[in-house]
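Undergrad: According to this note's numbering, the stretch in the sequence shown is residues 462 to 798, in order. Where is the CB? At the ideal position from N, CA and C, for every residue including glycine. On a predicted model such as this, the values are computed, not experimentally measured, just so you know.
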Amino acid sequence: MIVVMAPSATKKNLDNVIKKIESLNLRTHLSTGDERTIVGVIGDKKIIANLEMDMMAGVEKTVHITEKYKLVSREFNPADTIIDVDGVKIGGNEIVVMAGPCAVESAEQLREAAKAVSSCGAKILRGGAFKPRTSPYDFQGLGEEGLKLLRETADEFGMKVVTEIVEGGDIELVESYADILQVGARNMQNFQMLKALGKCKKPVMLKRGLSATINEWLNAAEYIMKGGNEKVIFCERGIRTYETYTRNTLDLAAVVAIKNLSHLPIVVDPSHGTGRRDMIAPMSRAAIAAGADALMIEVHPHPEVALSDGNQSLTPEDFKKLMSELNGIANVVGRTL
Ligand code: PEP
Ligand code: MN
């Protein structure tokens with residue numbers, strides 16, 4: 462349920478509303494807009510169903526929320542949430558670009574990639590240190606050594622770090638090096654890990670599961686927010702369909718759906734979303750036009766020898782060209798890059 466306070470409501474009215482809700486062992490979540498304050502009510506469904514708030518002074522109306530996710534919903538929080546990643550803001554007017562190799566392979570490879578992408582305007586360095594690979598014989602990542610390289614390299618080029626976490630027990634370790642913790646598609650419904658990430662202080666980028674519906678994805682984000690971490694960023698990375706021409710089907714309609722249903726920002730990853738180098742630029746342009754807040758793009762200094770995802774990795778030259786094209790689209794939709 463949400464309790465919408467009237468524009469004329471006083472601080473005392475609001476305090477009384479909160480007091481009443483909390484006296485019933487329910488939690489409140491405040492969203493303070495320019496005109497109105499909205500009080501979200503979380504807790505036992507049966508108690509909420511019997512909660513009578515409409516007659517209280519300062520209350521304009523109450524609205525029952527039928528969806529199970531609440532903290533992530535736009536009804537709870539009408540204004541867009543901007544997530545501040547140590548100075549880089551995701552969800553505001555500026556479209557943020559995250560770029561780098563699929564996996565951290567060596568100091569030289571990462572440095573070359575970071576140098577190239579940062580010089581074109583990418584603010585966040587991506588790279589996997591723990592790689593969830595389909596085959597156990599494929600490169601599994603450098604582990605902590607990879608995390609160290611990410612931190613050192615990002616610092617050298619004034620960038621932030623996003624990297625994947627594959628198990629709950631690694632949170633402290635990954636958090637000590639990274640600025641954003643990425644939950645990969647394969648772990649979107651690893652509920653134990655989502656609960657653990659609820660206690661983490663750093664932002665979490667939650668990729669959409671391989672076959673997850675938008676509703677399941679929103680509920681996965683609710684797990685993290687319910688645990689206390691409100692800094693959640695969605696990432697659309699394509700879903701599995703019957704189509705085989707592309708690696709996945711990039712669902713750009715999901716960008717619009719997430720923007721309607723949630724206040725949280727959304728990133729589009731056209732690299733995993735298509736799996737094809739030739740489609741990265743057009744799909745990046747389309748993602749911005751559809752309302753994405755950020756892009757995540759795989760770039761490798763030598764894709765032909767990449768240890769993972771070479772087919773979908775841009776060369777530094779391709780990336781430079783792409784970045785020069787994106788500004789125009791961003792401007793058309795009233796944003797900057
Ligand atoms: C990745 O970004 O490196 C990755 C493994 O992506 P996904 O979880 O979307 O497959
Ligand atoms: Mn990859």
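Taking the alpha carbon of E628 as the reference point, which residue from A673, Y638, L671 and L658 has its own alpha carbon closest?
TA: L658
Undergrad: Can you list, in chain order, the residues of its chain with a C-beta nearer than 6 Å to that of E677? Leave out the 5 residues immediately preceding and following it.
TA: none
Undergrad: If you draw a straight line from the alpha carbon of L713 to that of G607, how long is it in whole angstroms?
TA: 31 Å
Undergrad: Note down the Cα distance separating M744 from P731, rounded to an integer number of angstroms.
TA: 6 Å
Undergrad: Under 7 Å: does the beta carbon of A646 sit that close to some heavy atom of the ligand PEP?
TA: yes
Undergrad: Quick one: does the C-beta of K668 sit closer than 7 Å to a heavy atom of the ligand PEP?
TA: yes
Undergrad: Output yes or no for whether 8 Å exceeds the beta carbon distance between D515 and K507.
TA: no
Undergrad: Between the C-alpha atoms of M757 and V565, what's the straight-line distance to the nearest angstrom?
TA: 15 Å
Undergrad: Taking E528 as part of the alpha helix (DSSP H), name the residues at either end of that continuous run.
TA: Membership of E528 in any alpha helix (DSSP H) is not indicated, and neither H nor E is assigned to it by DSSP.
Undergrad: Report the residue from I626, A574 and D779 whose alpha carbon sits nearest the alpha carbon of G645.
TA: I626
Undergrad: Out of curiosity, what's the CA-to-CA distance linking K660 and V693?
TA: Rounded to whole angstroms, the separation of the alpha carbons of V693 and K660 is 12 Å.
Undergrad: Answer yes or no: the CB of S769 versus the heavy atoms of the ligand MN, is any distance below 7 Å?
TA: The answer is yes for S769.
Undergrad: So what does DSSP say about I543, is it helix, strand or coil?
TA: coil
Undergrad: Where are the alpha helix (DSSP H) runs, 4 residues long or more, that stay fully inside the region 636 to 704, in chain order?
TA: 652 to 658 and 675 to 687
Undergrad: Which word fits R669, buried or exposed, when buried means at least 16 other C-beta atoms lie within 10 angstroms of its C-beta?
TA: buried
Undergrad: Measuring only the C-alpha atoms, how far is E536 from P762?
TA: 44 Å
Undergrad: Quick one: does the C-beta of E759 sit closer than 7 Å to a heavy atom of the ligand MN?
TA: Distance from the C-beta of E759 to the nearest heavy atom of the ligand MN is below 7 Å.
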